[in-house]
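As structure tokens, the structure follows; a few thoughts come after it.
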Amino acid sequence: EVQLVESGGDLVQPGQSLRLSCVTSGFDFGDSAMAWVRQAPGQGLEWVGLITKKAFGEKTAYAASVRGRFTFSRDDSKTTAYLQMNSLRTEDTAVYYCARDWDWGLVYWGQGTLVTVSS
Amino acid sequence: QSALTQPASVSGSPGQSITISCTGTNSDVGGYNYVSWYQHHPGKAPKLMIYKVNNRPSGVSNRFSGSKSGNTASLTISGLQAEDEADYYCNSYTGINTYVFGTGTRVTVL
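Protein sequences appear in the order of chains A and B.
So for the first sequence, our numbering puts the first residue at 1; every next one is plus one.
So for the second sequence, our numbering puts the first residue at 1; every next one is plus one.
Here it is as structure tokens:
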């Protein structure tokens, strides 16, 4: 059974940092690019970015709205993807999803973790 | 990168067919055959319905089909059913490992 479980969401103040984790099982994590998507309250889905597999150099790509503040990483030995979020803003408040990127589609998704940025 | 444009809402009666459009530019929808569609029931994880314009993942009903013409992609749901009521989002590759979602469409089954 495929599972992706996000964790690390919390209530933080503007300017603070947070690290999200996405623990996976049931598929070949090492052969997968991993993407992050968020949904702000009452808004649509927003693509945050992705990290390619090790064989492709673990390259990262970011949406303009988070570039320079967010960083993706991965630990294939733990089949876990990470999202480090720095300099958080109120507009970063959202449910954050991780997903497996496969054949130009996000085929498996987690249930999401809520990040709230508020003073 | 601006979000792709979708109608805010589409509705239909059970058994009918509906089509959701997704309009982009030559830099996204029109430039690549890498359009995907997602069904999202509030509070649940989104679900991939179509990838690479017109491919269905295993387990997705053949009532769902995708197409593309120029800068506009479309998702058609035929034989509309109550469980199809959800939000639908298109997504397109925009180059160099980047993607963009559409604005989303709420499908209502009357």
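Think of the CB as a built atom: it goes at the ideal place given N, C-alpha and C, for glycine as much as any other residue.
Proximity to residue i [Cα-Cα], best of the options
i: Ser7(A); options: Leu114(A), Met85(A) and Ser118(A); result: Leu114(A)
i: Gly112(A); options: Phe72(A), Ser17(A) and Cys22(A); result: Cys22(A)
i: Ile20(B); options: Ile77(B), Ala82(B) and Asn97(B); result: Ile77(B)
i: Ser13(B); options: Val100(B), Gln81(B), Asp87(B) and Arg106(B); result: Gln81(B)
i: Gly44(A); options: Val109(B), Arg56(B) and Tyr88(B); result: Tyr88(B)
i: Thr116(A); options: Val66(A), Ala61(A) and Gln16(A); result: Gln16(A)
i: Lys47(B); options: Thr94(B), Ala86(B) and Ile96(B); result: Ala86(B)
i: Ala40(A); options: Tyr108(A), Ser119(A) and Arg89(A); result: Arg89(A)
i: Ala61(A); options: Asn33(B), Thr94(B), Met49(B) and Thr5(B); result: Thr94(B)
i: Arg106(B); options: Gln16(B), Thr5(B) and Val10(B); result: Val10(B)
i: Ser17(B); options: Gly104(B), Thr72(B), Gly66(B) and Asn91(B); result: Gly66(B)
i: Thr5(B); options: Gly104(B), Asn55(B), Tyr34(B) and Val109(B); result: Gly104(B)
i: Val35(B); options: Asn55(B), Val60(B) and Lys44(B); result: Asn55(B)
i: Asn91(B); options: Ser61(B), Asn33(B) and Phe64(B); result: Asn33(B)
Alpha carbon of residue i to alpha carbon of residue j, nearest angstrom
i: Arg100(A); j: Gly26(A); result: 11 Å
i: Leu18(A); j: Asp10(A); result: 8 Å
i: Thr24(A); j: Leu4(A); result: 4 Å
i: Ser58(B); j: Pro14(A); result: 42 Å
i: Gly49(A); j: Leu75(B); result: 24 Å
i: Gly102(B); j: Asp76(A); result: 31 Å
i: Thr52(A); j: Val66(A); result: 18 Å
i: Tyr96(A); j: Trp37(B); result: 19 Å
i: Glu83(B); j: Thr108(B); result: 10 Å
Sheet register partners of residue i (DSSP bridge)
i: Gln84(A); result: Arg19(A) and Thr71(A)
i: Val5(A); result: Val23(A)
i: Ser74(B); result: Ser21(B) and Ser67(B)
i: Phe56(A); result: In DSSP, Phe56(A) forms no bridge with anything.
i: Gln6(B); result: DSSP, once it has assigned bridges, lists no residue as partnering Gln6(B).
Bounding residues of the beta strand (DSSP E) (the contiguous stretch that carries residue i)
i: His40(B); result: Val35 to His40
i: Trp109(A); result: Gly105 to Trp109
i: Arg63(B); result: First-last for Arg63(B): undefined, no H or E at that position.
i: Ile51(A); result: Leu45 to Ile51
i: Thr90(A); result: Here Thr90(A) belongs to no beta strand (DSSP E), and DSSP marks it neither H nor E.
i: Ser32(A); result: No beta strand (DSSP E) contains Ser32(A), which DSSP labels as neither H nor E.
i: Asp87(B); result: Ala86 to Gly95
Buried versus exposed call for residue i [16 or more other C-beta atoms within 10 Å across all chains shown]
i: Asp28(B); result: buried
i: His40(B); result: buried
i: Thr23(B); result: buried
i: Ser69(B); result: exposed
i: Arg74(A); result: buried
i: Asn26(B); result: exposed
i: Val2(A); result: exposed
i: Ile50(B); result: buried
i: Gly79(B); result: exposed
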